[in-house]
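Colleague: The structure's right below; bear with me while I get my questions together.
Number of protein chains: 2
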Amino acid sequence: MIQKLLHEGVEVETSIDGYYAADFPEITAEKQGHRHPVHTVVVTHFELARMIERVNRRFASLLRTEMTKLGIEDVGPAQAMVLMAIGDVELSVGELLDRGHYVGSNISYYLKQLADGGYIDRVASQRDKRSARIRLTEKGEQLCANLRDAGGAYNRVLARDADDLRNLEIAFQTLHRLELVWGNAARYGI
Amino acid sequence: MIQKLLHEGVEVETSIDGYYAADFPEITAEKQGHRHPVHTVVVTHFELARMIERVNRRFASLLRTEMTKLGIEDVGPAQAMVLMAIGDVELSVGELLDRGHYVGSNISYYLKQLADGGYIDRVASQRDKRSARIRLTEKGEQLCANLRDAGGAYNRVLARDADDLRNLEIAFQTLHRLELVWGNAARYGI
DNA sequence: TCATTTTACTTCAAATTTTGAAGTAAGTTG
DNA sequence: CAACTTACTTCAAAATTTGAAGTAAAATGA
Chain A
1 MIQKLLHEGV
11 EVETSIDGYY
21 AADFPEITAE
31 KQGHRHPVHT
41 VVVTHFELAR
51 MIERVNRRFA
61 SLLRTEMTKL
71 GIEDVGPAQA
81 MVLMAIGDVE
91 LSVGELLDRG
101 HYVGSNISYY
111 LKQLADGGYI
121 DRVASQRDKR
131 SARIRLTEKG
141 EQLCANLRDA
151 GGAYNRVLAR
161 DADDLRNLEI
171 AFQTLHRLEL
181 VWGNAARYGI
Chain B
1 MIQKLLHEGV
11 EVETSIDGYY
21 AADFPEITAE
31 KQGHRHPVHT
41 VVVTHFELAR
51 MIERVNRRFA
61 SLLRTEMTKL
71 GIEDVGPAQA
81 MVLMAIGDVE
91 LSVGELLDRG
101 HYVGSNISYY
111 LKQLADGGYI
121 DRVASQRDKR
131 SARIRLTEKG
141 EQLCANLRDA
151 GGAYNRVLAR
161 DADDLRNLEI
171 AFQTLHRLEL
181 VWGNAARYGI
């Protein structure tokens with residue numbers, strides 16, 4: 001039975017696909033006590049996917065709001081995310097694709113808008129003239145800095161103590177694992 | 001200094017926004033040992049957001065692939081997610097909005113396609129004739145069941161042992177927290 | 001060496017998804 | 001019962017994403 005629980009993601013009691021974690025007393029109780037959870041509740045692949053979709057939607061609209069506050073009208077939140085993905089290094093379009101699992105034509109489109117808006121510079125690489133080298137301009141760096149500043153308030157709320165930090169790290173790491181599993185599955189089949 | 005670390009999401013050493021958790025020896029080491037992490041690395045709000053975006057993209061394309069395999073041509077992955085959000089209960093459009101943080105007109109649009117495809121039934125509520133009651137048809141339930149079946153393989157890979165389950169739960173719970181914080185911020189300001 | 005293939009991207013058109021403004025019909029309230 | 005609110009729907013426009021086709025440069029191999 002335990003084997004089945006571990007391997008199938010069986011739903012027990014309140015764990016109906018579509019309900020929130022807040023409805024699961026086991027999980028929340030466990031969090032406070034720092035003990036191993038009693039595994040009567042299992043989070044499935046799909047519950048996580050739906051949660052990720054929701055959270056992603058929330059973040060996008062938050063980002064849109066922040067950008068409106070900053071008076072940014074020429075690019076949207078998706079483009080801002082590309083900007084954040086570039087960060088403070090110079091990289092090629094290919095490297096950027098890997099960073100965000102974008103599709104090539106999509107990034108090309110965004111980079112065009114970002115270049116038109118003066119947020120990035122693109123220079124053909126000397127070594128390989130096919131390869132475009134991308135970096136943020138002053139303006140691009142400024143937008144990123146402003147967004148990071150605005151993000152500070154969220155970091156303070158989200159990471160109040162060591163326990164919060166621990167959970168954020170585990171969440172990050174677990175999402176990275178999902179990324180790998182889902183990505184490999186898409187390429188090679190599961 | 002520790003206070004600053006805790007409250008600002010300061011990036012230390014390898015923790016440059018845009019790099020992967022796999023690059024953080026501290027996190028990975030901690031996972032195996034079950035000990036408290038040494039907090040030299042902090043996951044910021046934005047790193048998480050970018051990870052969520054990436055993972056979401058991966059899942060959407062995986063879902064698209066699964067649906068193609070199942071021969072579903074009349075609706076896309078977004079509509080399938082709505083179907084999964086409905087689950088096996090009857091609910092109103094408003095309840096569905098809450099479940100996925102959708103925008104009303106968006107759901108209306110999806111529900112129309114799903115109804116046209118025969119995946120859902122919509123009946124006006126007897127009590128309140130403005131309110132539409134939604135539920136899956138046989139065909140809709142079948143699609144959900146097929147998708148859940150396909151998901152079984154992922155559950156097996158992702159939740160191999162009690163530790164995996166624990167991390168999945170923490171990830172789920174942490175994402176739920178992000179959802180609340182980001183959602184409240186959007187409505188009331190932080 | 002030079003034809004062929006591969007890589008690194010871009011372009012464009014079409015599809016999909018999301019937004020926002022405006023509408024409708026049914027309930028609710030003073 | 002007039003005015004307001006709620007629960008949705010519709011529609012057009014915008015934003016995002018995909019996919020096919022193209023271009024130019026680099027690598028390969030006979």
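Line by line, the protein sequences give chains A and B.
Its first residue numbered 1, the first sequence is counted upward by one per residue in full-length UniProt numbering.
Its first residue numbered 1, the second sequence is counted upward by one per residue in full-length UniProt numbering.
For glycine and all other residues, C-beta sits at the position ideal for the given N, C-alpha and C.
Keep in mind it's a predicted model, so treat the numbers as computed, not measured.
Measuring only the C-alpha atoms, how far is residue 80 of chain A from residue 127 of chain A?
Modeller: Here residue 80 of chain A is taken as the residue at index 80 of the first sequence, counted from 1. Here residue 127 of chain A is taken as the residue at index 127 of the first sequence, counted from 1. Near 29 Å, if we compare the C-alpha coordinates of residue 127 of chain A and residue 80 of chain A.
Colleague: By how many angstroms is the C-alpha of residue 96 of chain A removed from the C-alpha of residue 124 of chain A?
Modeller: Walking along the first sequence from the start, residue 124 of chain A turns up at place 124. Walking along the first sequence from the start, residue 96 of chain A turns up at place 96. Between residue 124 of chain A and residue 96 of chain A, the C-alpha separation is close to 15 Å.
Colleague: With a cut-off of 8 Å on the beta carbons, I'd call residue 91 of chain A and residue 185 of chain B a contact; round off their distance for me.
Modeller: The residue given as residue 91 of chain A occupies position 91 in the first sequence. The residue given as residue 185 of chain B occupies position 185 in the second sequence. Not quite, the Cβ-Cβ distance comes to about 31 Å (not below 8 Å), so this is no contact.
Colleague: Is there a Cβ from chain A that is less than 9 Å from the Cβ of residue 30 of chain B?
Modeller: Counting from 1 along the second sequence, the entry for residue 30 of chain B is found at position 30. With a pLDDT of only 40 at residue 30 of chain B, under the threshold of 50, the placement of this residue in the model should not be trusted; the figure read from the coordinates follows. Taking Cβ atoms only, chain A reaches closer than 9 Å to residue 30 of chain B, which makes this a yes.
Colleague: For residue 116 of chain B, name the three-state secondary structure that DSSP assigns.
Modeller: As a position in the second sequence, residue 116 of chain B is number 116, starting the count at 1. Helix.
Colleague: What residues in the region 137-168 of chain B have a beta carbon less than 7 Å from any beta carbon of chain A?
Modeller: Cβ contacts with chain A come from 148, 151, 152, 153, 154, 155, 156, 157, 158, 159, 161, 162, 165, 166, 167 and 168.
Colleague: Do you know offhand how far residue 139 of chain B's Cα is from residue 87 of chain B's?
Modeller: To locate residue 139 of chain B, count along the second sequence from 1; it is residue 139. To locate residue 87 of chain B, count along the second sequence from 1; it is residue 87. Approximately 13 Å between the Cα atoms of the pair.
Colleague: Output, in sequence order along the chain, the residues in the region 93-104 of chain B whose CB is closer than 7 Å to any CB in chain A.
Modeller: Residues 99, 100 and 101.
Colleague: Using 10 angstroms around the beta-carbon of residue 94 of chain A, count the other beta-carbons present and answer buried if the total reaches 16, otherwise exposed.
Modeller: Within the first sequence, numbered from 1, the residue matching residue 94 of chain A stands at position 94. Exposed is the call here.
Colleague: Jot down the residue ranges of each uninterrupted alpha helix (DSSP H) in the UniProt domain "HTH marR-type" (45-180) of chain A, minimum 4 residues, whole runs only, in chain order.
Modeller: As far as the UniProt domain "HTH marR-type" (45-180) of chain A is concerned, its whole alpha helix (DSSP H) runs of at least 4 residues are 45-69, 77-86, 93-100, 104-116 and 138-158.
Colleague: Using a cut-off of 8 Å between C-beta atoms, extract the partners of residue 51 of chain B located in chain A.
Modeller: Position 51 of the second sequence, counted from the start, is the residue given in the question as residue 51 of chain B. Going along chain A in sequence order, the residues near residue 51 of chain B (Cβ under 8 Å) are 172, 175, 176 and 179.
Colleague: Could you check whether the Cβ of residue 48 of chain B sits closer than 9 Å to any Cβ belonging to chain A?
Modeller: Position 48 of the second sequence, counting from 1, holds the residue named residue 48 of chain B. Judged by the 9 Å Cβ criterion, residue 48 of chain B is in contact with chain A.
Colleague: Give the DSSP-derived three-state secondary structure of residue 30 of chain A in the structure shown.
Modeller: Position 30 of the first sequence holds residue 30 of chain A. At residue 30 of chain A the pLDDT is 40, less than 50, meaning the model places this residue with poor confidence; the figure from the coordinates comes in the next sentence. Helix.
Colleague: Since residue 76 of chain B meets chain A, which of its residues come closer than 8 Å, beta carbon to beta carbon?
Modeller: Counted from its first residue, the second sequence places residue 76 of chain B at position 76. Near residue 76 of chain B there are no residues of chain A at all, since even the closest Cβ is about 13 Å away, more than 8 Å.
Colleague: Could one say the Cβ of residue 130 of chain A lies closer than 9 Å to chain B's Cβ atoms, at least one of them?
Modeller: Along the first sequence, one-based indexing puts residue 130 of chain A at 130. Chain B contact via Cβ: absent.
Colleague: Please classify residue 82 of chain A: is it buried, with 16 or more other beta-carbons within 10 angstroms of its beta-carbon, or exposed?
Modeller: Counting from one through the first sequence, the residue named residue 82 of chain A turns up at place 82. Residue 82 of chain A is buried by the Cβ-count criterion.
Colleague: What's the call for residue 187 of chain A, buried or exposed, on a 16-neighbour Cβ count within 10 Å?
Modeller: One-based indexing of the first sequence puts residue 187 of chain A at position 187. So residue 187 of chain A ends up on the exposed side.
Colleague: Exposed or buried, residue 47 of chain A, counting other C-beta atoms within 10 Å across all chains shown (16 or more means buried)?
Modeller: Walking along the first sequence from the start, residue 47 of chain A turns up at place 47. Residue 47 of chain A comes out buried.
Colleague: On the three-state DSSP scale, how would you describe residue 190 of chain A?
Modeller: Here residue 190 of chain A refers to the residue found at position 190 when the first sequence is read from its first residue. In this structure, residue 190 of chain A counts as coil in the three-state DSSP scheme.
Colleague: Should residue 101 of chain B and residue 148 of chain A be called a contact, given that it needs their Cβ atoms to be closer than 9 Å?
Modeller: Your numbering for residue 101 of chain B matches position 101 in the second sequence. Your numbering for residue 148 of chain A matches position 148 in the first sequence. It is not a contact, given that the beta carbons lie outside the stated cut-off.
Colleague: Between the region 107-119 of chain A and the region 69-79 of chain A, can you find at least three pairs of beta-carbon atoms closer than 8 Å?
Modeller: Segments in contact, yes.
Colleague: Which class does residue 184 of chain B belong to by DSSP, given the choice of helix, strand or coil?
Modeller: The residue given as residue 184 of chain B occupies position 184 in the second sequence. Here residue 184 of chain B sits in helix by DSSP.
Colleague: Who are the Cβ neighbours of residue 170 of chain A in its own chain at under 8 Å, not counting the five residues just before and after it?
Modeller: Numbered from 1 along the first sequence, position 170 holds the residue referred to as residue 170 of chain A. Excluding positions up to five away in sequence, the list is empty.
Colleague: So which residues on chain A does residue 108 of chain B lean against when the C-beta distance must stay under 9 Å?
Modeller: Here residue 108 of chain B refers to the residue found at position 108 of the second sequence. Here the premise fails: no neighbours, minimum Cβ distance about 16 Å.
Colleague: So that I know if they touch, is there some Cβ in chain A lying closer than 9 Å to that of residue 84 of chain B?
Modeller: By one-based count along the second sequence, residue 84 of chain B stands at place 84. Yes, residue 84 of chain B counts as interfacial toward chain A.
Colleague: Tell me, please, whether the CB atom of residue 81 of chain B is closer than 9 Å to any CB atom in chain A?
Modeller: As a first step, residue 81 of chain B is located in the second sequence; it is residue number 81 there, counting from the start. Chain A, which has a Cβ nearer than 9 Å to the Cβ of residue 81 of chain B, makes this yes.
Colleague: In terms of alpha-carbon separation, which member of A/106, A/84, A/49 and A/99 lies closest to residue 142 of chain A?
Modeller: Indexing the first sequence from 1 puts residue 142 of chain A at position 142. Nearest option by C-alpha distance: A/84.
Colleague: Cα separation between residue 156 of chain B and residue 175 of chain B?
Modeller: Here residue 156 of chain B is taken as the residue at index 156 of the second sequence, counted from 1. Here residue 175 of chain B is taken as the residue at index 175 of the second sequence, counted from 1. Going from the Cα of residue 156 of chain B to the Cα of residue 175 of chain B covers about 21 Å.
Colleague: Quick check: the Cα distance between residue 137 of chain A and residue 163 of chain B, rounded to an integer number of angstroms?
Modeller: For the purposes of this step, residue 137 of chain A is taken as the residue at position 137 of the first sequence. For the purposes of this step, residue 163 of chain B is taken as the residue at position 163 of the second sequence. Computed Cα separation, rounded: 44 Å.
Colleague: Please state whether the Cβ-Cβ distance between residue 67 of chain B and residue 172 of chain A is less than 9 Å.
Modeller: In the second sequence, counting from the first residue as 1, residue 67 of chain B sits at position 67. In the first sequence, counting from the first residue as 1, residue 172 of chain A sits at position 172. No. Outside cutoff.
Colleague: Considering only C-alpha positions, which residue in the set B/53, B/144, B/54 and B/104 is nearest to residue 195 of chain B?
Modeller: Residue numbering for chain B in the displayed model covers 1 to 190; residue 195 of chain B lies beyond these limits and cannot be assessed.
Colleague: Tell me whether the beta-carbon of residue 165 of chain A lies closer than 9 Å to the beta-carbon of residue 43 of chain B.
Modeller: As a working mapping, residue 165 of chain A is identified with position 165 in the first sequence. As a working mapping, residue 43 of chain B is identified with position 43 in the second sequence. For residue 165 of chain A and residue 43 of chain B, yes; Cβs fall inside 9 Å.
Colleague: Excluding five sequence neighbours on each side, which residues of the same chain lie with their C-beta closer than 6 Å to the C-beta of residue 189 of chain B?
Modeller: On the second sequence, position 189 is the one that residue 189 of chain B refers to. Nothing meets the Cβ criterion.
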